[in-house]
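S.K.: Below you will find the structure I want to go over with you.
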Amino acid sequence: MENKFTIIISEATDDKRDCCVHLKRKGKERLMLRCQFMEQPEMDDQFKDDLMAKIAKYVAANAIQCIEGQKDKKQKSEAKKEAENIISRLKQG
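Under our numbering, the first residue of the sequence shown carries the number 306, and numbering increases by one thereafter.
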C-alpha cells in the first residue's frame with residue numbers, strides 16, 4: 306500500500322496574494338494551510354520549493370508536539386514513528 310503524501314498548491318483568491326496548500330494522503334485531506342502574501346508572488350518552481358520546505362518544517366514541528374503530548378510510552382513511540390515517516394515522505398516528495 307502506498308503511503309505517499311500529495312501536496313497541492315492552489316491560488317485561493319482573485320487578487321492572487323493568497324494561496325492554499327493542501328496536504329493529502331490516501332485521498333483524504335490531512336492539513337490545509339492558507340498563505341497570504343504582502344504582494345503577488347511569482348508562482349515559479351523556486352517559490353514552490355521554498356514553500357514546500359516551510360511546510361515540511363511546520364509538519365515536523367507539529368509532529369514533535371504530538372509526540373511530546375503523548376503520556377503513554379507505546380503511543381509516544383507510535384507517534385514518533387509516524388512523525389519520522391511523515392518527514393521522510395515529505396523529503397522524498
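Cβ coordinates follow ideal geometry from the N, Cα and C atoms, glycine included.
Predicted model, so just to flag it, every value in this text is computed and none were measured.
Could you name the residues of the same chain whose beta carbon sits closer than 6 Å to that of Arg339, not counting the 5 residues immediately before and after it, in chain order?
M.R.: Here the question's residue 339 lines up with position 34 in the sequence shown. Closer than 6 Å at Cβ, skipping near neighbours: Cys325.
S.K.: Distance, Cα to Cα, Asp350 vs Lys329?
M.R.: Along the sequence shown, one-based indexing puts residue 350 at 45. Along the sequence shown, one-based indexing puts residue 329 at 24. Those two C-alpha atoms are separated by around 20 Å.
S.K.: Go ahead and pull the three-state DSSP assignment for Lys331.
M.R.: Translated into the one-based positions of the sequence shown, residue 331 becomes position 26. Lys331: coil per DSSP, three-state reduction.
S.K.: Would you report the Cα separation of Ala270 and Lys331, rounded to the nearest angstrom?
M.R.: Residue 270 falls outside the range modelled here, since the chain spans only 306 to 398, and no answer is possible.
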